[in-house]
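Engineer: After the structure tokens below, expect a handful of questions from me.
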Amino acid sequence: MKKLVFIGLLLLAANFAQAQDKIEWLKFEEAVAATEANPKMLLVDVYTDWCGWCKKMDKETFTDPAVIKYINEKFYAVKMNAEDNKRTFDFKDKEYTEAKMAGAMRVQSYPNFVIIDPTLMNITQLPGYRQPVEFLDGLSQIVDKGIGAK
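Note that the sequence shown covers residues -19 to -1, 1 to 131 in mature numbering (1 follows the signal peptide of the UniProt record, and there is no 0).
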């Protein structure tokens, strides 16, 4: 019996460790639903397929263990393609594509990280490529200010 409990705990720990090896990206509407149920800020990574700096963020910054842990703990993370006019979703009784939402958030350069408070009312932007430490510093300043915190 003790072996079974030990194995169960070991599997649980392995599952938790595995869950922290990447950012848990959601669709915008999934993140909105999640924050309505359990309030957290949204971190929206607005990118394009042709953006080299966006790819560098994915490859270098978003694979950093400290960045992964911080984002998964503090935010609901969203990937949003600023040129996608196909996929639609509803937000505040309006229909959007990812491109239309990026425009509504006034994103004009890539990569751009839009942080939305838990009330889904106030946003701030963190534009441009950033290395892991610099990115964490920018995010933590926003979190510490608690934009629109309840």
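Ideal Cβ positions, reconstructed from N, Cα and C, are used throughout, including at glycine. These figures come from a predicted structure and were not determined experimentally.
Given a threshold of 16 other Cβ atoms within 10 Å of its Cβ, counted over all protein chains shown, does arginine 111 qualify as buried or as exposed?
Structural biologist: Taking all protein chains in view, the Cβ of arginine 111 is crowded by 16 or more other Cβ atoms within 10 Å, so the residue is classified as buried.
Engineer: By DSSP, does glutamate 76 sit in helix, in strand, or in coil?
Structural biologist: Glutamate 76 falls in the strand class under three-state DSSP.
Engineer: Does the Cβ of valine 114 have 16 or more other Cβ atoms within 10 Å, making it buried, or fewer, making it exposed?
Structural biologist: exposed
Engineer: Under DSSP, the beta strand (DSSP E) around isoleucine 104 begins and ends at which residues?
Structural biologist: 104 to 108
Engineer: Mapping the DSSP letters down to three states, classify leucine 101 as helix, strand or coil.
Structural biologist: It is coil, neither helix nor strand.
Engineer: According to DSSP, is isoleucine 123 helix, strand or coil?
Structural biologist: Under the three-state reduction of DSSP output, isoleucine 123 falls in the helix class.
Engineer: Would you say tyrosine 57 and alanine 15 are within 8 Å of each other, going by their C-beta atoms?
Structural biologist: yes
Engineer: Does the distance from the C-beta atom of tyrosine 28 to that of tyrosine 91 stay below 8 Å?
Structural biologist: Yes; because the gap between Cβ atoms is below 8 Å, this pair is in contact.
Engineer: Would you decide whether asparagine 103 is buried or exposed? Buried here means 16 or more other CB atoms lie within 10 Å of its CB.
Structural biologist: exposed
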